[in-house]
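Residue numbers (the working numbering): 16 to 262.
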């Protein structure tokens, strides 16, 4: 800018001194740096990729301003995972008890959003109960029980989770009894006639519905005969009776 003169010859053939009062304004430049996630809007334009971008406008002096944007675009991310659990599943601090698709937002390494999706299947543990009445012992899942009580057994159900089976068991017991008898010639016991000494058993059901084994210690004695011959005159007394005829 400044005042400048120019001499020339006017129409009269004399010197003309022209003076210029000049103001020179200048074009300008500017730079800015930006970091964004996924996209960045600048002067009405949306940018989705990193790069250097320019925008021309008019500065305060009415000249051109060229602005340069040094842009870094980072991107949001997504991730997916699948899980199968029994009864509940803890994921990112939350416990889930039902199957479903769940999301969790966090910040990735670039400082942008990461949306993680969990495809969750929740299977459930089960219980079952059964009641049994047995004599003397009861075998259940490979174990033999000889006393009444409630017993549990853990196994895996069809879903791969725990099944707790409960057995309500009543154990009744078999019984034994013994008796001694002495008989002549024969002895009837529980519908059977025995004619010889010995030990005999008979099985029946006791009050608990179990076996009772009764044992009979039997002695069988036998009747006997004897003969004698007598000759008498008029009469004969034998064992308190008087006989008067032969016979």
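No residue lacks a Cβ here, since even glycine has one placed at the ideal position from N, Cα and C. Keep in mind it's a predicted model, so treat the numbers as computed, not measured.
Cβ-Cβ distance between residue i and residue j below 9 Å
{"i": "residue 76", "j": "residue 41", "result": "yes"}
{"i": "residue 214", "j": "residue 240", "result": "no"}
{"i": "residue 188", "j": "residue 223", "result": "yes"}
{"i": "residue 81", "j": "residue 30", "result": "no"}
{"i": "residue 49", "j": "residue 92", "result": "no"}
{"i": "residue 9", "j": "residue 60", "result": "In the structure as shown, the chain starts at 16 and stops at 262, and residue 9 therefore has no counterpart that could be examined."}
{"i": "residue 272", "j": "residue 181", "result": "Limits of the chain in this structure are 16 at one end and 262 at the other, which puts residue 272 out of reach."}
{"i": "residue 199", "j": "residue 250", "result": "no"}
Cβ separation of residue i and residue j, assumed to be a contact under 8 Å, to the nearest whole Å
{"i": "residue 219", "j": "residue 209", "result": "Actually they do not touch by this definition, with Cβ atoms about 17 Å apart."}
{"i": "residue 177", "j": "residue 140", "result": "4 Å"}
{"i": "residue 114", "j": "residue 90", "result": "Rounded, the Cβ-Cβ distance is 31 Å, inconsistent with contact."}
{"i": "residue 146", "j": "residue 186", "result": "In fact, because the Cβ distance is near 12 Å, the residues do not count as touching under 8 Å."}
{"i": "residue 101", "j": "residue 150", "result": "Residue 101 to residue 150, Cβ: 38 Å. No contact."}
Per-residue burial, residue i [other beta carbons within 10 Å of its own, 16 or more giving buried]
{"i": "residue 173", "result": "exposed"}
{"i": "residue 84", "result": "buried"}
{"i": "residue 37", "result": "exposed"}
{"i": "residue 104", "result": "buried"}
{"i": "residue 55", "result": "buried"}
Neighbourhood of residue i by C-beta, 8 Å cutoff - its chain only, sequence neighbours within 5 removed
{"i": "residue 212", "result": "233, 234 and 235"}
Proximal residues to residue i (C-beta, below 7 Å), its chain only, five neighbours per side dropped
{"i": "residue 66", "result": "86"}
Close Cβ partners of residue i (< 6 Å) along its chain, the five nearest in sequence each way excluded
{"i": "residue 33", "result": "21"}
{"i": "residue 170", "result": "178"}
**Message:** Using a Cβ distance threshold of 8 Å, determine whether the region 92-109 contacts the region 121-141, with at least three qualifying pairs required.
**Reply:** By the Cβ rule, the region 92-109 counts as touching the region 121-141, because three or more pairs are nearer than 8 Å.
**Prompt:** Below 8 Å, can you find three or more Cβ-Cβ pairs linking the region 105-124 to the region 142-162?
**Reply:** By the C-beta criterion, the region 105-124 is judged not to be in contact with the region 142-162, since fewer than 3 inter-stretch pairs fall below 8 Å.
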